[in-house]
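Top to bottom, those sequences are chains Y and A. Quick note: the first sequence uses numbering that gives the first Met the number 0, first residue 0, plus one each step. Quick note: the second sequence uses numbering that gives the first Met the number 0, first residue 0, plus one each step. All C-beta atoms, glycine included, are put in the ideal place defined by N, C-alpha and C. Only a predicted model underlies this, so the values are computations on that prediction, with no experimental measurement involved. Let me begin by presenting the structure, written as structure tokens, before commenting on it.
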Amino acid sequence: MNQDVWITGIGIVSSLGEGCEENWNAFDSGSGPVLDRETIPPFAIHPMVELDLSQQIAKRGDQRQMETWQRLGVYAAGLAIDNAGARDTGLLDRMDMIVAAGGGERDITVDNQILTEMLQTNDRAHMLIERLSNELRPTLFLAQLPNLVAGNISIVHGVRGSSRTFMGEESAGLDAIRNAHARIAAGQSDICLVGGSFNAAREDMLLLFEMGGYNWLGDEDSVWARQQDNGGLRLGSMGAFLMLESAEHARSRGKEAVAALKAVAADRETREPGSITTSLASMWQDIASHATGSLGIISGATGVADQAREELDFLERVGVPVRASASRIGHGIESQAPFNLALAALCVQHGRMFADFDTAGVEKPSSEAITDVLVTNVGHWRGEGLALVGKADI
Amino acid sequence: MKDAKGRPVIVVTGTGIVTALGEGKKDNWDALTAGRSGIHSITRFPTEGLRTTIGGTIDFLDVDPFNCSELTTEMATRAASEAVSQSGVGAKGDFPGPLFLGMPPIEMEWPMREKLLAMAGKTDSASYSDLFRASRSASDTDRVDCLFGSVGERLASTFGTKGSPISLTTACASGATAIQHAIESIRRGESGAALAVAADGSMYPETMIRFSLLSALSTQNDAPEKASRPFSKNRDGFVMAEGAAALVIESHEHAKARGAKILGVIAGGGEKSDSFHRTRSNPDGIAITGAIRNALEDAGLSPDAIDYINAHGTGTPENDKMEHYAVHTIFGERASTLPISSNKSMIGHTLTAAGAIEAVVSLLTLEHQRIPPTINHEIPDPAIELDVVPNTARDASISTVMSNSFGFGGQNASLIFSAEPV
Chain Y
0 MNQDVWITGI
10 GIVSSLGEGC
20 EENWNAFDSG
30 SGPVLDRETI
40 PPFAIHPMVE
50 LDLSQQIAKR
60 GDQRQMETWQ
70 RLGVYAAGLA
80 IDNAGARDTG
90 LLDRMDMIVA
100 AGGGERDITV
110 DNQILTEMLQ
120 TNDRAHMLIE
130 RLSNELRPTL
140 FLAQLPNLVA
150 GNISIVHGVR
160 GSSRTFMGEE
170 SAGLDAIRNA
180 HARIAAGQSD
190 ICLVGGSFNA
200 AREDMLLLFE
210 MGGYNWLGDE
220 DSVWARQQDN
230 GGLRLGSMGA
240 FLMLESAEHA
250 RSRGKEAVAA
260 LKAVAADRET
270 REPGSITTSL
280 ASMWQDIASH
290 ATGSLGIISG
300 ATGVADQARE
310 ELDFLERVGV
320 PVRASASRIG
330 HGIESQAPFN
340 LALAALCVQH
350 GRMFADFDTA
360 GVEKPSSEAI
370 TDVLVTNVGH
380 WRGEGLALVG
390 KADI
Chain A
0 MKDAKGRPVI
10 VVTGTGIVTA
20 LGEGKKDNWD
30 ALTAGRSGIH
40 SITRFPTEGL
50 RTTIGGTIDF
60 LDVDPFNCSE
70 LTTEMATRAA
80 SEAVSQSGVG
90 AKGDFPGPLF
100 LGMPPIEMEW
110 PMREKLLAMA
120 GKTDSASYSD
130 LFRASRSASD
140 TDRVDCLFGS
150 VGERLASTFG
160 TKGSPISLTT
170 ACASGATAIQ
180 HAIESIRRGE
190 SGAALAVAAD
200 GSMYPETMIR
210 FSLLSALSTQ
220 NDAPEKASRP
230 FSKNRDGFVM
240 AEGAAALVIE
250 SHEHAKARGA
260 KILGVIAGGG
270 EKSDSFHRTR
280 SNPDGIAITG
290 AIRNALEDAG
300 LSPDAIDYIN
310 AHGTGTPEND
320 KMEHYAVHTI
330 FGERASTLPI
340 SSNKSMIGHT
350 LTAAGAIEAV
360 VSLLTLEHQR
370 IPPTINHEIP
380 DPAIELDVVP
390 NTARDASIST
400 VMSNSFGFGG
410 QNASLIFSAE
420 PV
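This is the structure:
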């Protein structure tokens with residue numbers, strides 16, 4: 000069995016807007032990124048556009064049981080379900096789901112209080128236990144568990160098939176799509192909601208990337224232009240879910256494709272100089288035959304300079320128009336690949352790439368018609384992947 | 000060899016296990032069939048002020064630096080080494096298939112924050128802003144130890160598994176989900192073999208407090224070995240524990256072609272998620288019975304074919320009641336006489352590792368034709384009419400075992416193992 004896999008629904012939220020239309024229009028207008036430099040100095044982050052959460056999470060009680068990253072995920076998942084016309088109890092009951100998730104949010108106030116008390120006490124261990132026991136909200140744990148994004152999607156939207164959560168930074172996002180694609184292609188699943196969400200406005204998350212100096216503190220927005228101190232990533236809040244479905248299943252319910260997900264490949268190379276280029280080139284060789292028309296590329300480049308340079312070596316070989324989403328909406332770790340797949344599907348739907356946005360000369364204006372979009376995914380410390388989106392065979 | 004649905008028959012050719020009962024199948028099986036508990040008072044860190052001071056910590060492994068990522072990696076490596084070595088598949092550092100890993104969330108733990116705090120050189124007050132400044136000087140190991148991908152990356156390096164390793168969580172069903180992924184991958188023909196591993200070394204004060212705040216843990220601190228009491232009337236919560244298990248899973252064809260000894264067959268697996276509540280099952284049991292039904296259907300078996308159930312059996316009032324309900328719903332009249340026992344009565348609840356640990360014990364049960372007991376079953380719960388194999392191991396003729404895993408967040412999975420292809 001080898002089923003065609005279609006993207007039949009997209010739910011995206013970012014600093015540039017809510018939903019497909021707002022995001023496409025913003026990306027296509029070439030306007031600069033929205034940045035928040037005030038909330039957590041010295042970092043600039045791409046803040047989430049204001050959302051009316053009740054549009055997708057009707058119960059206030061449900062909203063309260065979640066932290067921001069979970070709300071964004073549940074919201075984006077709801078948009079994808081609506082966009083796919085899949086809000087049908089019977090369909091949701093057998094809908095599979097894979098969420099790519101990072102760590103949950105901490106109570107920063109409690110953490111800061113403990114850090115200060117650590118400097119003032121001789122019995123840190125006991126103080127820590129006492130503070131955590133007394134200060135943490137009992138339900139905070141449920142807002143921290145990675146699999147509770149999926150759990151909340153089940154509760155709020157009623158998705159009740161298999162439910163799995165992948166972890167492991169950028170790779171998790173692409174692997175979630177790869178696994179869903181493989182299961183649908185093989186007939187192991189008919190329809191699968193897949194995606195992730197990320198909240199950039201978090202001290203704990205910024206701290207994680209500040210270790211090793213991964214945060215970009217410079218002025219350049221374009222990921223290709225970040226050279227100083229080996230560049231870096233600027234975190235961006237986002238949520239991105241795709242409805243993947245077998246062509247046969249979509250046809251049977253009269254649903255058209257936004258685009259087809261033609262192939263997904265992932266790899267883990269030991270990061271030696273040149274290995275990213277080699278890895279991407281080798282995966283491209285495996286899947287290039289699925290690209291049938293004119294090609295564009297949406298890059299998942301994070302902004303880390305040496306990695307971007309290696310990716311560019313590959314991109315130049317392919318020699319087609321390139322766009323990097325992180326220059327516009329920031330880097331959303333696990334969510335970047337799902338978001339880029341969504342953008343790729345929108346490019347296929349519009350038949351062209353959106354506006355270039357770059358001061359390093361990598362991205363060039365292009366109004367040429369395109370039929371296929373290749374998405375790259377090079378993790379900031381591990382994992383390489385590619386996904387190919389194209390026009391669906393009706 | 001194909002199953003009744005024309006798919007490759009899935010077999011297990013190697014298993015490995017690390018629990019508080021010891022390292023390796025022999026030590027674990029001896030303890031499990033002797034009805035011995037691995038639960039003890041926690042000595043790894045000061046427990047004064049914790050509501051629960053007992054658990055199944057793994058204290059016999061030397062891990063440095065000590066954190067969840069490193070301990071989880073070490074336990075997983077040992078379990079996987081045992082499994083790969085028994086299986087004889089591939090070559091050292093060259094496993095011929097993908098890795099599917101069930102594991103806990105990795106996070107920056109307090110000792111790391113303390114380290115950054117010291118590096119920040121503050122004396123009066125401190126906040127994240129101070130940690131930011133210090134963290135640029137953190138070592139690569141410190142950084143990677145805080146990342147979710149760390150365990151999978153290290154295991155993939157050590158064992159030479161192929162492709163991008165999948166690290167996953169479905170909370171307390173994670174181990175079963177990792178196995179389910181391996182089954183699916185082999186059925187799709189992506190590979191002849193897959194390595195399914197689940198490991199959980201996440202016992203530190205903050206994780207224990209989180210579960211305590213949800214009132215999920217037993218507080219029977221005075222007699223640790225008697226605290227885990229699945230299916231008993233006086234059960235008062237689960238006992239947290241650490242551990243790991245690994246399974247080398249192959250197509251029958253792949254295993255036979257290399258003359259491997261087959262330890263058992265994975266007849267099928269099923270999942271179903273619950274939309275009712277974040278920590279509780281829907282009272283109608285529809286999701287947990289759904290997972291079990293899906294597993295039976297995937298295996299092409301009727302409930303009558305199941306000889307024994309390796310229970311999720313956590314010892315929380317809620318879980319055991321719902322599992323009892325599910326067993327009665329599925330098995331009808333047979334429910335009260337069908338043997339069902341909980342390894343967690345001895346091992347404790349190893350959270351994301353439990354599904355894989357219990358899969359390995361299920362295969363040992365088939366191999367030895369002997370059922371490990373549910374210990375600490377002194378006061379039966381009249382509301383739970385099940386043969387829980389109380390307190391003493393039992394010889395039995397078993398050809399098919401069902402293993403259930405139900406997770407926080409409503410993610411439920413069930414696996415079916417058999418001695419021979421069904």
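- Residue pairing by DSSP places A:Gln-410 opposite A:Ser-272 and A:Gly-406 in a beta bridge.
- Judged by DSSP in its simplified three-state form, Y:Ile-56 adopts coil rather than helix or strand.
- At a beta-carbon threshold of 8 Å, none of the residues of chain Y lie near A:Gly-191; the nearest stands roughly 16 Å away.
- Taking 7 Å as the Cβ-Cβ cut-off, the stretch 61–77 of chain Y approaches chain A at Gln-64, given in chain order.
- Contacts between A:Pro-204 and chain Y, judged by CB atoms closer than 8 Å, involve Ala-124, Leu-127, Ile-128 and Leu-131 in chain order.
- Around the CB of A:Pro-229, 16 or more other CB atoms lie within 10 Å, so the residue is classed as buried.
- In this structure, the beta-carbon distance from A:Ala-395 to A:Pro-338 falls below 8 Å.
- From the beta-carbon of A:Lys-121, the residues of chain Y found nearer than 8 Å are Leu-118.
- Against A:Thr-71, chain Y offers no close residue; the least beta-carbon distance is about 12 Å (beta-carbon pairs closer than 9 Å).
- Runs of the beta strand (DSSP E) lying entirely within the stretch 224–282 of chain A and spanning at least 3 residues, in chain order: 242–250 and 263–272.
- Just measuring C-alpha positions, the residue of A:Gly-92, A:Thr-373 and A:Thr-12 sitting nearest A:Lys-225 is A:Thr-373.
- Excluding sequence positions up to five before and after A:Gly-242, its CB lies within less than 6 Å of the CB of Val-17, Thr-18, Thr-349, Ala-352 and Ile-356, all in the same chain and listed in chain order.
- In the DSSP annotation of this structure, the continuous segment of the beta strand (DSSP E) that includes Y:Arg-163 starts and ends at 162–166.
- Within its own chain, the residues whose Cβ lies closer than 7 Å to the Cβ of A:Ser-361, once the five positions on either side in sequence are excluded, are Asn-309, Val-400, Ser-402 and Phe-416, listed in chain order.
- Per DSSP, the unbroken beta strand (DSSP E) holding Y:Val-377 starts and ends at 371–377.
- Judged by DSSP secondary structure, Y:Cys-191 falls within the beta strand (DSSP E) whose first and last residues are 190–197.
- A:Ile-285: not part of any beta strand (DSSP E); member of the alpha helix (DSSP H) spanning 285–298, first to last residue.
- C-alpha of A:Val-238 to C-alpha of A:Pro-223: approximately 9 Å in a straight line.
- With contacts defined as CB atoms closer than 8 Å, A:Gly-151 and A:Leu-116 fail to qualify as a contacting pair.
- Boundaries cannot be given for A:Asp-380, as no alpha helix (DSSP H) includes it and DSSP labels it neither H nor E.
- Sixteen is the threshold: since fewer than 16 other Cβ atoms of the shown chains lie within 10 Å of the Cβ of A:Phe-59, the residue is exposed.
- The continuous alpha helix (DSSP H) containing A:Lys-25 extends over residues 24–33.
- C-alpha of A:Ile-261 to C-alpha of Y:Asp-392: approximately 44 Å in a straight line.
- Counting only runs that start and end inside the stretch 231–265 of chain Y, the beta strand (DSSP E) elements of at least 3 residues fall at 237–245.
- For Y:Ala-99, the secondary structure class from DSSP, reduced to helix, strand or coil, is strand.
- C-alpha of Y:Ile-275 to C-alpha of Y:Leu-311: approximately 10 Å in a straight line.
- For Y:Arg-267, the neighbours in chain A by C-beta distance under 8 Å run, in chain order, Glu-152, Ala-155, Gly-162, Ser-163 and Pro-164.
- Using beta-carbon distances, Y:Pro-272 does not count as an interface residue toward chain A, since no partner is under 8 Å.
- Contact between the stretch 70–85 of chain Y and the stretch 238–255 of chain Y is established, with three or more Cβ pairs separated by less than 8 Å.
- In the DSSP assignment, A:Ala-79 falls outside any beta strand (DSSP E) and within the unbroken alpha helix (DSSP H) covering 67–86.
- Cβ contact annotation for Y:Thr-38 (same chain, cutoff 6 Å, sequence separation greater than five): Ala-200, in chain order.
- In the structure shown, A:Val-8 adopts coil according to DSSP, grouped into three states.
- Neighbours of Y:Phe-140 in chain A, taken as residues at a C-beta separation under 8 Å, are given in chain order as Arg-209, Phe-210, Leu-212 and Leu-213.
- Excluding its 5 nearest sequence neighbours in each direction, Y:Gln-227 has C-beta neighbours in its own chain below 7 Å: Gly-217, listed in chain order.
- For A:Arg-132, the enclosing alpha helix (DSSP H) covers residues 127–134.
- DSSP, reduced to helix, strand and coil, places A:Cys-145 outside both helices and strands of the structure shown, so it counts as coil.
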